[in-house]
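K.L.:
For the sequence shown, the residue numbers in the working numbering are 972 to 1083.
I have a structure here, written as structure tokens, and I will follow up with some questions on it.
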Amino acid sequence: MADKNDGNNDEVSVVPGTDEFQKMLFKLNKPVTQDNLGDLDYNGSRLQPVQDDMYAMPAFVTDDFNLFFIVSQLVEDDWVIAFSTATIENGNEITDLSEPMTTGKGLNELGQ
972 MADKNDGNND EVSVVPGTDE FQKMLFKLNK PVTQDNLGDL DYNGSRLQPV
1022 QDDMYAMPAF VTDDFNLFFI VSQLVEDDWV IAFSTATIEN GNEITDLSEP
1072 MTTGKGLNEL GQ
């Protein structure tokens, strides 16, 4: 769709569940700081630092599927929201996060 819109970027339609939606990446309007960290609270959880300029927070967790928000700074000043899956041991110990996936891919996986 987006590549077939004759250059008119005002009329791009991206539909959840499609390959095009899977490529989508949410970009934040401002950097994440200690002062605005709470603005992104979700379902009673707060972003936790994973490393410099990277935060994680559960988005959806069941016994057989999980998805975590990953908020990080990319090149220059761009901050984005992506998703990752986690290795969870002993019921609640997160021991590893997968390579981040685009926001659209994570939402498509959640919708399956």
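Using N, Cα and C, we set each Cβ at its ideal position, and we do this for glycine too.
For Val1046, does the count of other Cβ atoms within 10 angstroms reach 16, so buried, or fall short, so exposed?
P.N.:
Looking at its Cβ environment, which holds fewer than 16 other Cβ atoms inside 10 Å, Val1046 is exposed.
K.L.:
Measuring CB atoms only, is the stretch 1031-1039 touching the stretch 982-997, in the sense that at least three cross pairs come out at less than 8 Å?
P.N.:
Taking 8 Å as the limit for Cβ pairs, the verdict is that the stretch 982-997 does not touch the stretch 1031-1039.
K.L.:
I believe Trp1097 touches Pro1002 by the beta-carbon criterion, under 8 Å. Please report the beta-carbon distance rounded to the nearest angstrom.
P.N.:
Because the chain in this structure spans residues 972 to 1083, residue 1097 falls outside the shown range and cannot be described.
K.L.:
Check each candidate in Asp1006, Asp1048, Ser1016, Leu1068 and name the one with the smallest Cα separation from Asn1000.
P.N.:
Among Asp1006, Asp1048, Ser1016, Leu1068, the Cα nearest to that of Asn1000 belongs to Asp1048.
K.L.:
Does the Cβ of Val1042 have 16 or more other Cβ atoms within 10 Å, making it buried, or fewer, making it exposed?
P.N.:
Answer is buried; the Cβ neighbour count reaches 16.
K.L.:
Going by DSSP, what residue range makes up the beta strand (DSSP E) through Asp1048?
P.N.:
Neither: Asp1048 is in no beta strand (DSSP E) and is coded neither H nor E.
K.L.:
Would you identify the three-state DSSP class for Gln1083, choosing helix, strand or coil?
P.N.:
Gln1083: coil per DSSP, three-state reduction.
K.L.:
Report, in whole angstroms, the separation of the C-beta atoms of Asn1079 and Gly988, which I expect to be a contact under 8 Å.
P.N.:
Rounded, the Cβ-Cβ distance is 6 Å, consistent with contact.
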